[in-house]
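**Q** Protein sequences, first through last, are from chains A and B. Start counting at 1 in the first sequence, then tack on 117, and there's your number in the numbering used here. Note that the numbering used here numbers the second sequence so that position 163 is 159, with each residue one more than the last. Backbone N, C-alpha and C define an ideal beta-carbon position, used for all residues, glycine too. Bear in mind that the values here come from a model prediction, so they are computed numbers and not experimental data. Take a look at this one; I'll ask things after.
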Amino acid sequence: MAHGPQSLLSLEGATVRFGGWAALDGVDLDVAEHEIVCVLGPSGSGKSTLLRAVAGLQPLDGGRVLLDGRDQAGVPAHKRGVGLMFQDHQLFPQRDVGGNVAFGARMHGASKGEQTERVRELLDLVGLPGAARRAVASLSGGEQQRVALARALAPRPRLLMLDEPLGQLDRSLRERLVVELRELFGRLGTTVLAVTHDQGEAFALADRVVVMRDGRIAQTGTPLQVWQRPVDEFVARFLGFENVVEGTVVGEAADTPWGKLPVGEGSVQGTRTLLVRPAGVRLVAADAGLRCTVAARTFKGTHVAVRLQPEDAPRLEAACALRDAPEVGDEVGVEFDAAEIVVLGGGQRP
Amino acid sequence: MRLGLIAVPVAFFAVFFAYPVAAIVARGLKADGVWQFGRLRDVLGQSDIQHVLWFTTWQALASTALTLLAALPGAYVFARFDFPGKQLLRAVVTVPFVLPTVVVGTAFLALVGRGGLLDELWGVRLDTTVWAILLAHVFFNYAVVVRTVGGLWSQLDPRQEEAARMLGASRLTAWRTVTLPALGPAVAAAALMVFLFTFTSFGVVQILGGPTFSTLEVEIYRQTSEIFDLSTAAVLTIIQFLAVGAILAVHAWTVRRRESTLRLVDAAVTARRPRGAGQWTLLAGVLVVIVVLLLLPLAVLVQRSLDAPAFGYYRALTSADGGVFLVAPIEAIGNSLQYAVVATLIAVLIGSLAAAALTRRDAGRFVRGFDALLMLPLGVSAVTVGFGFLIALDEPPLDLRSTWILVPLAQALVGVPFVVRTMLPVLRAVDQRLREAAAVLGASPWRVWREVDLPLVRRALLIAAGFAFAVSLGEFGATVFIARPDNPTLPVAVARLLGRAGELNYGQAMALSTVLMVVCAVALLVLERLRTDRTGEF
């Protein structure tokens, strides 16, 4: 973990309790300057509380928040110099778009001229030129999101935090905006801490992904690292993987309910949890490999997800090309691809 | 920060409320420097005092129930329907509330008493029954419910109800399960106000109650100014204090339980034309209630003021020859307006500071206790406040007896609870995350209040100011003690005229009351106008 003088934001054992329940439980996290970090987790995992603690909206029950190495204990929200884009935007209903975007600059004592200039600049940046006089209520969801972003960026915060930035938007808009956001932050050199429950969003946006569970950090890594080597069953299942199973690893094979699975050279031995990516489940003729019945198939655009029911083992998910996909009720055989099988919790033997 | 906000209202209440009340209690219960607490038991043991306590309580409960019954449909109509003359009607509805109690008493006497309108037409008389008092109380407090409940109602998002109906709730069920709980705090606040007003009702009961019916307040007044038994009056004041304190404690508890964040929208988008026979019937029903209950007594009042040829009663107001005052009665109008403006400014300032401090979610026990404390001036006899001012603020360092500020101060004291009650439900309904959004953008707590809360509560603030202004104009119980003879306010002048025998004095009282009514109506109309201009911003 990049813990050093270059960390813009550091959390050290940050803890927040609501009653007896710990929403944040001893969280350590560093965000370097210009880095985009995305906190990923199901609802209730403490992501939003993390942002509120950094913003100074939620007092800590333990630990510290440091910005530029300075402890923020006792520093009120309006003096921390961080930006926060709220989940449902929280645009000020009584102000127009320009009034919303100019708000931060105005609070920091910018002149009328500077404010107008900044509003124009930012509305251009987020792709809403000339919208300054529009009423907030007349904006579509995507436009509101852009205005909220412009408003958060306008005071030039040293750290920009996004709470479910694209949560309420429709899928195609979300996919387009996430690319735009990453490009924009890269261009501006903004340091970003975002939270989301959507892995696609996190992977597309972040330099580094932090997976949270029950107020603790379950895993940290680049999107590729997290995707390729989930640290445990929780992370694997949260990322959408269904084929997670207990097995005993001996040498380069693992004994599982699905039969002997090949695992990579040097895998940790003993009883482990294994993940089989759908792409690693190859369909073959019914008389070869593990015998399964096709229980369901779902068209996913680029491929078909096939749910397979072995005779007496948990269901399996396989990904196959559209033209190869079997029909529901078909009998098929299954073989496994060692490259797509991950031994969780420790991975390679050192 | 919170302590800073609350320091000013606390100091204000300590000096101008707690201190005078303490002074009068001490004067009543202390003999030769020794406290005589045995007096409490003696007074409570008297059967006529027990009778007064019982009557005070049940008539207040009955009045509150009747007022809610009559006014909640009105609150709905004003909140959700758009119809021609709505603004004017809203102001008209508020007029009764600001009329001096003695005038209302007299107007109802003229309507339902001996030789009154109903007596002339059908031989019906209600002045010997409790109905006259109850009706007059509904007349008075109709506006409290319409304004407090309707103000919030008009800003509730109707789509919430629509969402419930899509989930299978009938129109009534949707209202009961979605809107009613959201309105809860406002209804509770309004009911509390009505209960307190009727519990401490003075002028109305004094005139319509006759010898049979007497509230605590009337009894306190009788003991103070007729029997001059100051210690019994002090004991009764303490009893009233305790009763009101108990009610307020219950209220604070219910409000805390029901506090919730509501989705507020612009009032202009929630009102629309009535549709269908049912809604038109409801509108018509509300109009009938307003006409019969509110306008008829006012009409009788105006008719009586015009009973002399060529506006004789009005012309008499411009001369000091009557001998009742040192100045012409007409000058009371100017005095009243000046006092009311100053009192409104004080009440809005003190009330806003208090409401802002009370809105904070992390408000501790001390601050919440202050919430209840703020309401006490409503419950404590106005007579006591006025008399307390006279005996407590007459020596250095607080020798205010000969300054004009004394009257607005007493009136502001009564106005502050209105400001707080009106602003709190709306302030509490402002989404906390809007405030957080502003704070993260660099707004200090003070800027957050100014930039986020104030624009959203401006309507409530104007309504509160209107209330404070109206209350100041109509305040009688305290003012009657401290207004100087050469500077009477309108209600004081009316009461003095009514206290004199003779048709001319009676007619002049009616004329002056009509003037007060018109002044209030005009002031309220201006306020309504102001309100609509501002809603364009939202």
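(1) Using only the alpha-carbon positions, how far apart do S301 (chain B) and A3 (chain B) sit?
(2) By how many angstroms is the C-alpha of R446 (chain B) removed from the C-alpha of Q202 (chain B)?
(3) Taking the beta carbon of R291 (chain A) as the centre, do at least 16 other beta carbons fall within 10 Å, making it buried, or is it exposed?
(4) Ignoring anything shorter than 3 residues, give me the beta strand (DSSP E) runs that lie fully in the segment 162 to 218 of chain B, in order along the chain.
(5) DSSP state of R478 (chain B), grouped into three classes?
(6) At the level of alpha carbons, what is the spacing between R223 (chain A) and Q232 (chain A)?
(7) Report the rounded CA-to-CA distance for Q83 (chain B) versus V145 (chain B), giving the unit in angstroms.
(8) Rounded to the nearest angstrom, what separates F361 (chain A) and R346 (chain A) at their Cα positions?
(9) Taking only three categories from DSSP, how would you classify L310 (chain A)?
(10) Residues of chain A with CB under 7 Å from L452 (chain B), in chain order?
(11) Taking 9 Å as the cut-off, decide whether the C-beta atoms of G179 (chain A) and P193 (chain A) are in contact.
(12) DSSP three-state call for R530 (chain B): helix, strand or coil?
(13) Using only the alpha-carbon positions, how far apart do E533 (chain B) and R212 (chain A) sit?
(14) Going along chain B, which residues have a C-beta under 7 Å from A172 (chain A)?
(15) Please confirm if the segment 146 to 156 of chain A is in contact with the segment 260 to 271 of chain A, defined as three or more CB-CB distances below 8 Å between the two stretches.
(16) Bridge partners of H206 (chain A), per DSSP?
(17) Which term fits L238 (chain B), buried or exposed, when burial requires 16 or more other beta carbons within 10 angstroms of its beta carbon?
(18) Can you name the residues of chain A whose CB is closer than 7 Å to the CB of A433 (chain B)?
(19) Tell me the DSSP bridge mates of K377 (chain A)?
(20) My assumption, with CB atoms under 8 Å, is that P395 (chain A) sits in contact with A430 (chain A). Please give the rounded CB distance.
(21) Do R470 (chain A) and Q175 (chain A) have their CB atoms nearer than 9 Å?
(22) DSSP state of V415 (chain B), grouped into three classes?
(23) Going along the chain, which residues of its own chain have a beta-carbon closer than 7 Å to the beta-carbon of G274 (chain B), five neighbours each way excluded?
(24) Based on the DSSP secondary-structure assignment, which residues constitute the bridge partners of F416 (chain A)?
(25) Tell me the DSSP bridge mates of R408 (chain A)?
(26) Under a three-way DSSP split, which group does A146 (chain A) fall into?
(27) Using the beta-carbon count (16 or more within 10 Å), is H47 (chain B) buried or exposed?
(28) Verify whether the separation of the beta carbon atoms of V89 (chain B) and V21 (chain B) is less than 9 Å.
(29) Assuming E297 (chain A) contacts L461 (chain A) (C-beta within less than 8 Å), just tell me the rounded distance between them.
(30) Using the three-state DSSP reduction, which class does A436 (chain A) fall into: helix, strand or coil?
(31) To which residues does DSSP link N336 (chain A) through a beta bridge?
(32) Between the C-alpha atoms of L128 (chain A) and T313 (chain A), what's the straight-line distance to the nearest angstrom?
(33) At a CB distance below 7 Å, what residues from the segment 336 to 353 of chain B approach chain A? Give them in sequence order.
(34) Closer than 7 Å, Cβ to Cβ, to anything on chain B: give me those residues from the segment 213 to 224 of chain A, in chain order.
(35) Can you name, in chain order, every residue of its own chain whose Cβ lies under 7 Å from the Cβ of A439 (chain B), other than the five neighbours on each side?
(36) At the level of alpha carbons, what is the spacing between G464 (chain A) and L354 (chain B)?
**A** The short version:
(1) Reading the second sequence from its first residue, position 305 is the one you call residue 301 (chain B). Reading the second sequence from its first residue, position 7 is the one you call residue 3 (chain B). Each residue's Cα considered, the two are about 47 Å apart.
(2) In the second sequence, counting from the first residue as 1, residue 202 (chain B) sits at position 206. In the second sequence, counting from the first residue as 1, residue 446 (chain B) sits at position 450. Their backbone Cα atoms lie some 45 Å apart in a straight line.
(3) Here residue 291 (chain A) refers to the residue found at position 174 of the first sequence. By the neighbour-count rule (16 or more Cβ atoms within 10 Å), R291 (chain A) is buried.
(4) Look at the segment 162 to 218 of chain B and you find no whole run of beta strand (DSSP E) that is 3 residues long or longer.
(5) Indexing the second sequence from 1 puts residue 478 (chain B) at position 482. Here residue 478 (chain B) turns out to be Ile, not Arg, going by the sequence shown. It is helical.
(6) As a working mapping, residue 223 (chain A) is identified with position 106 in the first sequence. As a working mapping, residue 232 (chain A) is identified with position 115 in the first sequence. Distance between the alpha carbons of R223 (chain A) and Q232 (chain A): 7 Å.
(7) The sequence position of residue 83 (chain B) within the second sequence is 87, counting from 1. The sequence position of residue 145 (chain B) within the second sequence is 149, counting from 1. Answer to the nearest angstrom: the Cα atoms are 16 Å apart.
(8) Taking the first residue of the first sequence as 1, we reach residue 361 (chain A) at position 244. Taking the first residue of the first sequence as 1, we reach residue 346 (chain A) at position 229. Reading off the sequence shown, one finds Val at residue 361 (chain A), where the question assumed Phe. The straight-line gap separating the alpha-carbon atoms of V361 (chain A) and R346 (chain A) is approximately 13 Å.
(9) To locate residue 310 (chain A), count along the first sequence from 1; it is residue 193. Note: L310 (chain A) maps to strand in three-state DSSP.
(10) What you label residue 452 (chain B) is simply residue 456 of the second sequence in a count that begins at 1. Going along chain A in sequence order, the residues near L452 (chain B) (Cβ under 7 Å) are Q211.
(11) Taking the first residue of the first sequence as 1, we reach residue 179 (chain A) at position 62. Taking the first residue of the first sequence as 1, we reach residue 193 (chain A) at position 76. Contact flag unset, no.
(12) The residue labelled residue 530 (chain B) in the question sits at position 534 within the second sequence. With a pLDDT of only 36 at R530 (chain B), under the threshold of 50, the placement of this residue in the model should not be trusted, and no figure is reported.
(13) In the second sequence, the residue the question calls residue 533 (chain B) occupies position 537. In the first sequence, the residue the question calls residue 212 (chain A) occupies position 95. At E533 (chain B), the pLDDT of 26 sits below 50, so the modelled position is not reliable and the matter cannot be decided from this model.
(14) If you number the first sequence from 1, residue 172 (chain A) lands on position 55. The contacting residues are V436.
(15) No, they do not touch.
(16) The count along the first sequence starts at 1 and reaches residue 206 (chain A) at position 89. Residue pairing of H206 (chain A) in beta bridges, as defined by DSSP: A:F203.
(17) Residue numbering aside, residue 238 (chain B) sits at position 242 when the second sequence is read from its first letter. The residue is exposed, with fewer than 16 neighbouring Cβ atoms inside 10 Å.
(18) For the purposes of this step, residue 433 (chain B) is taken as residue 437 along the second sequence, with counting starting at 1. Within chain A, the residues near A433 (chain B) are F203 and Q207.
(19) As a working mapping, residue 377 (chain A) is identified with position 260 in the first sequence. In the DSSP assignment, K377 (chain A) is bridged to A:D372.
(20) By one-based count along the first sequence, residue 395 (chain A) stands at place 278. By one-based count along the first sequence, residue 430 (chain A) stands at place 313. Not confirmed; about 16 Å, so no contact.
(21) Here chain A covers residues 118 to 467 and nothing more, so residue 470 (chain A) does not appear.
(22) For this step, residue 415 (chain B) is matched to residue 419 along the second sequence. Helix.
(23) For the purposes of this step, residue 274 (chain B) is identified with residue 278 of the second sequence, where counting begins at 1. For G274 (chain B), where only same-chain residues beyond five positions count, there are no Cβ hits under 7 Å.
(24) For the purposes of this step, residue 416 (chain A) is identified with residue 299 of the first sequence, where counting begins at 1. Paired residues: A:V421.
(25) Indexing the first sequence from 1 puts residue 408 (chain A) at position 291. DSSP lists A:G450 as partners of R408 (chain A).
(26) Residue numbering aside, residue 146 (chain A) sits at position 29 when the first sequence is read from its first letter. In the sequence as displayed, the identity of residue 146 (chain A) is Leu instead of Ala. DSSP places L146 (chain A) in strand when its eight states are reduced to three.
(27) Within the second sequence, the letter at position 51 stands for residue 47 (chain B). With fewer than 16 other Cβ atoms within 10 Å, it is exposed.
(28) Along the second sequence, one-based indexing puts residue 89 (chain B) at 93. Along the second sequence, one-based indexing puts residue 21 (chain B) at 25. Not closer than 9 Å, so no.
(29) Along the first sequence, read from residue 1 onward, the residue named residue 297 (chain A) stands at position 180. Along the first sequence, read from residue 1 onward, the residue named residue 461 (chain A) stands at position 344. Approximately 35 Å separates the beta-carbon atoms of E297 (chain A) and L461 (chain A); this is outside 8 Å, ruling out the contact.
(30) The residue labelled residue 436 (chain A) in the question sits at position 319 within the first sequence. Three-state result, A436 (chain A): strand.
(31) For this step, residue 336 (chain A) is matched to residue 219 along the first sequence. The identity of residue 336 (chain A) in the sequence shown is Gln, whereas the question assumes Asn. For Q336 (chain A), which the question treats as bridged, DSSP gives the partners A:V328.
(32) Locating residue 128 (chain A) in the first sequence gives position 11, counting from the first residue. Locating residue 313 (chain A) in the first sequence gives position 196, counting from the first residue. So the two alpha carbons sit approximately 19 Å from each other.
(33) Taking 7 Å as the Cβ-Cβ cut-off against chain A, none of the residues of the segment 336 to 353 of chain B qualify.
(34) Listed by position along the chain: F220, G221 and M224.
(35) Counting from one through the second sequence, the residue named residue 439 (chain B) turns up at place 443. Answer for A439 (chain B): E447, listed in chain order.
(36) Position 347 of the first sequence, counted from the start, is the residue given in the question as residue 464 (chain A). Position 358 of the second sequence, counted from the start, is the residue given in the question as residue 354 (chain B). Confidence at G464 (chain A) is low in this model, with a pLDDT of 45, below 50, so the placement of that residue should be treated as unreliable; the coordinate-derived value is given next. Answer to the nearest angstrom: the Cα atoms are 56 Å apart.
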